[in-house]
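Student: Before I ask anything, here is the structure I am working with.
Numbering (my numbering), first residue to last: 26 to 189.
Listed below in structure tokens is the structure:
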């Protein structure tokens, strides 16, 4: 395991989350976008050097935090799609979580204007009101697909998203 790389991923994930708290509280996402861009450029370099930072390379926490950085690479959709392909291979090899794959799959699909598969992505109005699920393909089988990826039922997730 690469402990130095895991530590840097952790530092960047903490910055990511802090910037999201500021953006949520102030409705100003400029710092969040700056950190996302820096983290994306850094993660591209890590992937070029090491491949996908999965459990074997950076441990379970590092793998989770690397996924988080890829999940928030919205300003680089081509890279995000590349990360998705690498994550698929990592999940197939047992080196990453199916849950991570579900979230990144949905994120990439929604960014491309397509319906999501696992119902993980929500949107709201600019003032933070009107939280709603982004469109989902085949909603009648949503919970079946979610369960296959280790996700809770959609109704439970919806309640959690709404803070209930």
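Don't be surprised by glycine CBs; every beta carbon is placed ideally from N, CA and C.
Being a predicted model, the structure only gives us computed values, none of them experimental.
(1) Hey, residue 142 and residue 106: beta-carbon distance below 8 angstroms or not?
(2) Could you check what DSSP says for residue 145 in three-state terms: helix, strand or coil?
(3) Are residue 68 and residue 98 close, meaning C-beta to C-beta below 8 angstroms?
(4) Classify residue 165: buried if its beta carbon has 16 or more other beta carbons within 10 angstroms, exposed otherwise.
(5) Evaluate residue 64 with the Cβ neighbour count: other Cβ atoms within 10 Å of its Cβ, from every protein chain shown; 16 or more gives buried, anything less gives exposed.
(6) Could you tell me the boundaries of the alpha helix (DSSP H) in which residue 102 lies?
(7) Measure the alpha-carbon distance for residue 79 versus residue 113 and round it to whole angstroms.
Tutor: Quick look at the numbers:
(1) In this structure, residue 106 does not lie closer than 8 angstroms to residue 142 by Cβ.
(2) In the structure shown, residue 145 sits in coil (DSSP, three-state: anything other than H, G, I, E or B).
(3) With a cutoff of 8 angstroms on beta-carbon distance, residue 68 and residue 98 are scored as near each other.
(4) Looking at its Cβ environment, which holds fewer than 16 other Cβ atoms inside 10 Å, residue 165 is exposed.
(5) By the Cβ neighbour-count rule, residue 64 is buried, with 16 or more other Cβ atoms within 10 Å of its own.
(6) From DSSP, the alpha helix (DSSP H) with residue 102 extends over 102-117.
(7) Residue 79 and residue 113: Cα-Cα distance of roughly 11 angstroms.
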